[in-house]
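Asker:
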Amino acid sequence: MAKVLYSATASLDGFIAGPGGDMSWLTEHVGGDNPTAERVLDNVGALLVGNGTFGGDDPNRGTDREGAFGGQYHGPVFVLTHRPPTEPPPDVTFVGDLHTAVAQAKEAAGDKYVNILGANVAKQCIQAGLLDEILMFFAPVLLGDGVRMFDHPGGTNVRLAPLPGETAHWYTVVY
Numbered sequence: 001m002a003k004v005l006y007s008a009t010a011s012l013d014g015f016i017a018g019p020g021g022d023m024s025w026l027t028e029h030v031g032g033d034n035p036t037a038e039r040v041l042d043n044v045g046a047l048l049v050g051n052g053t054f055g056g057d058d059p060n061r062g063t064d065r066e067g068a069f070g071g072q073y074h075g076p077v078f079v080l081t082h083r084p085p086t087e088p089p090p091d092v093t094f095v096g097d098l099h100t101a102v103a104q105a106k107e108a109a110g111d112k113y114v115n116i117l118g119a120n121v122a123k124q125c126i127q128a129g130l131l132d133e134i135l136m137f138f139a140p141v142l143l144g145d146g147v148r149m150f151d152h153p154g155g156t157n158v159r160l161a162p163l164p165g166e167t168a169h170w171y172t173v174v175y
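In the numbering used here, the protein residues as written are 1 to 175.
Structure below.
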């Protein structure tokens, strides 16, 4: 059965996007040889994407690397939104309910991962007890402002345990 994974690249100060969702900072920090990222990509069976992320900035827009995982992901995409477009793009499913979106994405993923793109969707999955794992990659840059990888004003305590035998910064969520 599929697991739900939140994987992202963050600045060292914990931002996955700059102010206004700007992703241009990421261009110089991705690519190259990263066996963990390649292994994750090989094991993603579906994406669950927030509407802001889906319609947001792509640092590779207009290039052959445009799209999820630098344009390397080709598979089912589920967008969580209450405002689907009137003419949705082909091969993208828009879903208005978190539990339904996760269930549909898990079914499509089979025994692979559902990879979350978007901090808000990841936060909703954590709050609903639906997130299984978190994998963070860190870029050697400090942004100082933007979209945090996890933001919960007033604080919360989400317990994480390192995944045995895995790379640093890959955790299971402990509920």
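Glycine included, each C-beta is placed from N, C-alpha and C at the ideal position.
As the structure is a prediction and not an experimental result, all values here were calculated from the model.
Skipping 5 residues on each side, what residues in its chain have a beta carbon closer than 7 Å to that of V30?
Answerer: For this step, residue 30 is matched to residue 30 along the sequence shown. These residues qualify, in order along the chain: T9, G70.
Asker: Which partner residues does W25 have in the DSSP bridge list?
Answerer: To locate residue 25, count along the sequence shown from 1; it is residue 25. Answer is none; W25 lacks a bridge partner.
Asker: Tell me the DSSP secondary structure of G45 in three-state form.
Answerer: As a working mapping, residue 45 is identified with position 45 in the sequence shown. The answer is strand: DSSP assigns G45 an E or B state.
Asker: Ignore the nearest five residues each way along the sequence and tell me which others in N43's own chain have a CB closer than 6 Å to its CB.
Answerer: In the sequence shown, residue 43 corresponds to position 43, counting from 1. The answer, listed in chain order, is K112, Y113.
Asker: Which residue from T36, L12, N34 puts its Cα closest to that of W25?
Answerer: Taking the sequence shown and counting its residues from 1, one reaches residue 25 at position 25. Ranking the options by Cα distance to W25, first place goes to L12.
Asker: Please classify N157 as buried or exposed, where buried requires at least 16 other C-beta atoms within 10 Å of its C-beta.
Answerer: Position 157 of the sequence shown holds residue 157. Exposed, since its Cβ has fewer than 16 Cβ neighbours within 10 Å.
Asker: Check whether the Cβ atoms of A168 and L117 lie closer than 8 Å to each other.
Answerer: As a first step, residue 168 must be located in the sequence shown, where it is residue number 168. As a first step, residue 117 must be located in the sequence shown, where it is residue number 117. Taking 8 Å as the Cβ cut-off, A168 and L117 do not qualify as a contacting pair.
Asker: Could you tell me which of D22, L5, K3, N51 sits nearest to G144, measuring between CA atoms?
Answerer: The residue given as residue 144 occupies position 144 in the sequence shown. Residue D22 is the option with its Cα nearest to G144.
Asker: Using 10 angstroms around the beta-carbon of L131, count the other beta-carbons present and answer buried if the total reaches 16, otherwise exposed.
Answerer: For the purposes of this step, residue 131 is identified with residue 131 of the sequence shown, where counting begins at 1. With 16 or more other Cβ atoms within 10 Å, it is buried.
Asker: Bridge partners for G50 per DSSP, in chain order?
Answerer: Residue mapping note: residue 50 aligns to position 50 of the sequence shown, counting from 1. In DSSP, G50 forms a bridge with L80.
Asker: So for K106, helix, strand or coil by DSSP?
Answerer: As a working mapping, residue 106 is identified with position 106 in the sequence shown. In the structure shown, K106 sits in a helix (DSSP, three-state: H, G or I).
Asker: Strictly by DSSP, which residues pair up with N120?
Answerer: Here residue 120 corresponds to residue number 120 of the sequence shown, with the count starting at 1. Note: N120 sits in no beta bridge, so no partner.
Asker: Can you list, in chain order, the residues of its chain whose CB lies under 8 Å from that of Y171, leaving out five sequence neighbours each side?
Answerer: Locating residue 171 in the sequence shown gives position 171, where the first residue counts as 1. Correct list, in chain order: E133, I134, L135, L160, A161, P162, L163.
Asker: Starting from the C-beta of P19, find all residues in its chain whose C-beta is less than 7 Å away, skip the five residues before and the five after it, and write them out in chain order.
Answerer: Locating residue 19 in the sequence shown gives position 19, counting from the first residue. Within the same chain, P19 has close Cβ partners D145, G146.
Asker: In the DSSP assignment, the beta strand (DSSP E) including A139 goes from what residue to what residue?
Answerer: The count along the sequence shown starts at 1 and reaches residue 139 at position 139. It spans 133–139 - the beta strand (DSSP E) in which A139 sits, taken as one unbroken run.
Asker: In angstroms, rounded to a whole number, what distance separates the CA positions of F78 and F94?
Answerer: Counting from 1 along the sequence shown, the entry for residue 78 is found at position 78. Counting from 1 along the sequence shown, the entry for residue 94 is found at position 94. Approximately 6 Å, taken between the alpha carbons.
Asker: Per DSSP, what are the beta-bridge partners of N115 in this structure?
Answerer: Taking the sequence shown and counting its residues from 1, one reaches residue 115 at position 115. DSSP lists L5, L47 as partners of N115.
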